[in-house]
Amino acid sequence: MLMFFGIIFFGAPDPLSAQTSFLCGTASPEGNEPPDSLPENFQPICTDTSLVKYIRVNFHIVLRDDGTGNFTETTDPFGDPSYNGYQRAEDIINKANEELANNAGMWRKAPGVFYPVNPPENKVRYLLTGVYFHRNTQIYESPWYDFAVHDLYGVNTDTEINVYSIPLPEGSDGREPSGVANTVYGTSNLATKIEDALENYLNYPEWSLEHFAANLNHEVGHLLKLLHTWDRDDECEDTPKGDLYDYNGNGILEDPQERINCWDFNSTPPCNDWDNISNNIMDYNQWVPHAYSVCQIARMNDKLTNTLANNYVHSCNGCMPSVAFFALPSEYCSDVINPGTGTIYPLLLNGQASFAENRYLLEICEVSSPDDFDCDGNYYNSGWQVGPLGILDLTQVYDFTTPDRFYKVKIIVDNTDCPLSDEMEVIIRTKECMGTTDPEPVKIRNLVVYTNPTNGITNVGYEILEEGNLNLYLTDFSTGFLFQIIADSQVRSPGTYLETLDLSILQPGPYRLMAFFQGEVLSQTIIKQ
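The structure is reproduced here in structure tokens:
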């Protein structure tokens, strides 16, 4: 039988009354996770409890079958291409790490227990190891406690905590993020689901990010041996239970149902008394950053050191290592010519989910088969490029126009303040597809750049064939940085347009101009002198 402890939402744009019914839980058989069966040769890494442990976390974004209802690979949930699911996942992990690194002091204290003057340092940080997208309406609409999503889509389940982002139902504006931690399979298969209202992202973007991250920390706390504190014995003497309060006025104090757990400070008793307000990460409250107690930190360290959860630890060398991750189509149509420009279509590598890097290197070469990662020829090496990895158009540096060939694409990322480097490589195939015929009617064409190369001022022309929203971007090919030129707030009618661009503030070098219109992409190279 699955038992679910507690119910939670984390955070609220407006104060909520205490003792609201929230949604959060821990799924485990009979309320207890299975014990570990440690191998005889078990040798944990990072046993020093004074060192911060960097644990691997991947991120899954679940959408409906038609690709709606959440962040996508290229846009936010509302179609804005200036922010996408890769960026959202990285922002959430960074925000969660920020809270972990800024542990707050405990507000409610147990009598007779020693508390350090300065809050203890939390010894956990997350490394984002990958971002994945799943289009499945059945999973999208599944109950909050259902972990079929993990059975279907779990990645490296014994070494990476899998985090699943599934939105709350439409119309949930103002509802707080909820979550459930899955310990059904013990400490060798850790996962959590976090749900948030898309309207929260739209209406309260910073709040939505902050409290999604806090909810993630709460659920990972469950995975790492922490229990709710206000209504039970969590095996920590420095996390006191909430006092009892006669909520229903019958003169009987019911334990644990009437233990005080205040979401915030407000005018309604008992939450109008600061003595009843907790900021602990495992209580239900809106305060950020939250507090981890000395005992809670010790329990998390013990879990990560003396159980199979140690397999989730990447390192503990005192700095944030980089992680390579990118998305790239597995096949590329080498013969499709864009009728709008007379050029081949871009082959876009999206490396926005690579983590903690400040430089990167791109390698491309031809290989003999999809299973062969040894280069046979036509080798390209970009050399180290300064800055984080972004979106790269590989056709700007390599010829993929020969069909029925296999190519290895490899990215190496590095945090120069934290060796070692990390790398990821994939094999792609070129093939003949459509010749010079588009599979869909053309909606935008004739993207041209006048005065190119340019010292600053240049003109961009294009023709739109149906009404819609246009986005123009410049990508710095050397750094991956994306500059938005025209946002999609203005609807464009059919016609021919000419835009004057002032690029004088940009550094000299090659830039990729990309026009996104109603699902189509055109691109041109601009050289800034």
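The opening position of the sequence shown corresponds to residue 15 in this note's numbering, with each subsequent residue numbered one higher.
Built from N, CA and C at the ideal position, the CB exists for glycine as well.
Close-in-space but distant-in-sequence residues of the same chain around residue i (CB under 6 Å, 5 per side omitted)
i: I75; result: N84, F85, G99, F147, S179
i: L241; result: D248
i: N214; result: S222
i: P43; result: The pLDDT assigned to P43 is 39, lower than 50, so where the model puts this residue is not dependable; a value taken from the coordinates is nonetheless given after this. Closer than 6 Å at the Cβ level, and outside the excluded window around P43, lies no residue.
i: P284; result: Y259, I274, N290
i: V163; result: I153, Y178
i: Y261; result: E272
i: G391; result: E380
i: F161; result: N196
i: C447; result: C347, V350
Residue i classed as buried or exposed, judged by whether at least 16 other C-beta atoms fall within 10 angstroms
i: I442; result: buried
i: I266; result: exposed
i: D386; result: exposed
i: K67; result: buried
i: K445; result: exposed
i: Y159; result: exposed
i: L434; result: exposed
i: W277; result: buried
i: D245; result: buried
i: F92; result: exposed
i: V505; result: exposed
i: F340; result: buried
i: S64; result: exposed
i: S281; result: exposed
i: T430; result: exposed
i: V71; result: buried
i: E135; result: exposed
i: Q300; result: buried
i: G144; result: buried
i: N364; result: buried
i: A110; result: buried
Which residues DSSP lists as bridging residue i, in chain order
i: N84; result: N84 is not bridged to any residue.
i: R70; result: L141
i: T468; result: K542
i: Q399; result: Y374
i: V474; result: V463, E513
i: F56; result: The partner list for F56 (beta bridge, DSSP) is empty, contrary to what the question assumes.
i: P524; result: I541
i: R506; result: G482
i: G347; result: Reading off the sequence shown, one finds Cys at residue 347, where the question assumed Gly. In DSSP, C347 forms a bridge with K445.
i: A341; result: N364
i: E534; result: F531
i: I75; result: F147, S179
i: A305; result: N294
i: Y259; result: Looking at the DSSP assignment, Y259 forms no beta bridge with any residue, so it has no partner.
i: S329; result: Y68
i: V381; result: F420
i: M438; result: I425
Spatial neighbours of residue i in its chain, beta-carbon cut-off 7 Å, leaving aside the 5 residues before and after
i: D172; result: S202, N203, N325
i: E439; result: F387, K422, V423, K424
i: T451; result: Bear in mind that a pLDDT of 46 at T451, under 50, signals an unreliable position, so the number given afterwards is only what the model happens to contain. Contacts found: none.
i: N466; result: T472, I540, I541
i: P453; result: Only weak support is given to the placement of P453: the predicted model assigns it a pLDDT of 46, under 50, and the value that follows is read from those uncertain coordinates. Answer for P453: no residue qualifies.
i: Q101; result: Q366
i: T151; result: R78, D79
i: V169; result: N72, G144, Y146, N176
C-beta neighbour in chain D for residue i, strict 8 Å
i: C432; result: The structure shown contains no chain D, having only a single protein chain.
Sequence-distant residues of its chain with Cβ nearer than 8 Å to residue i (five each side left out)
i: N46; result: Any answer about N46 is weak, because its pLDDT of 48 lies below 50 and its placement is not dependable; what the coordinates show is given next. For N46, where only same-chain residues beyond five positions count, there are no Cβ hits under 8 Å.
i: T61; result: T319
i: E477; result: G354, I458, R459, N460, G509, T510, Y511
i: I69; result: V138, R139, Y140, L141, I175, L318, Y326, V327, H328
i: T468; result: L517, I540, I541, K542, Q543
i: C330; result: I59, C60, D62, L65, V66, K67, Y68
i: L52; result: T321, L322
i: K239; result: R313, M314, D316, K317
i: N132; result: G119
Cβ distance (whole Å) where residue i is taken to contact residue j below 8 Å
i: I458; j: L536; result: 6 Å
i: E371; j: D428; result: 6 Å
i: P360; j: D418; result: Not a contact, Cβ separation roughly 21 Å.
i: S396; j: V411; result: 7 Å
i: A211; j: L166; result: Rounded, the Cβ-Cβ distance is 24 Å, inconsistent with contact.
i: N117; j: A305; result: 7 Å
i: E104; j: Q366; result: 7 Å
i: F530; j: P95; result: 5 Å
**OP:** Give a yes or no on contact between the region 204–211 and the region 165–182, applying the rule of three or more CB pairs nearer than 8 Å.
**Re:** yes
Original post:
Do the region 254–262 and the region 227–234 make contact, defined as three or more Cβ pairs closer than 8 Å?
Top reply: no
**OP:** Assess, as a yes-or-no matter, whether the region 326–336 is touched by the region 403–415 under the definition of 3 or more beta carbon pairs within less than 8 Å.
**Re:** Contact between the region 403–415 and the region 326–336 is absent, because fewer than three Cβ pairs lie under 8 Å.
Original post:
Counting Cβ pairs closer than 8 Å, one from the region 463–476 and one from the region 503–515, do we hit at least three?
Top reply: Counting Cβ pairs under 8 Å, three or more are found: they touch.
**OP:** Taking 8 Å as the threshold, find out whether the region 284–304 comes into contact with the region 118–125 through three or more Cβ pairs.
**Re:** yes
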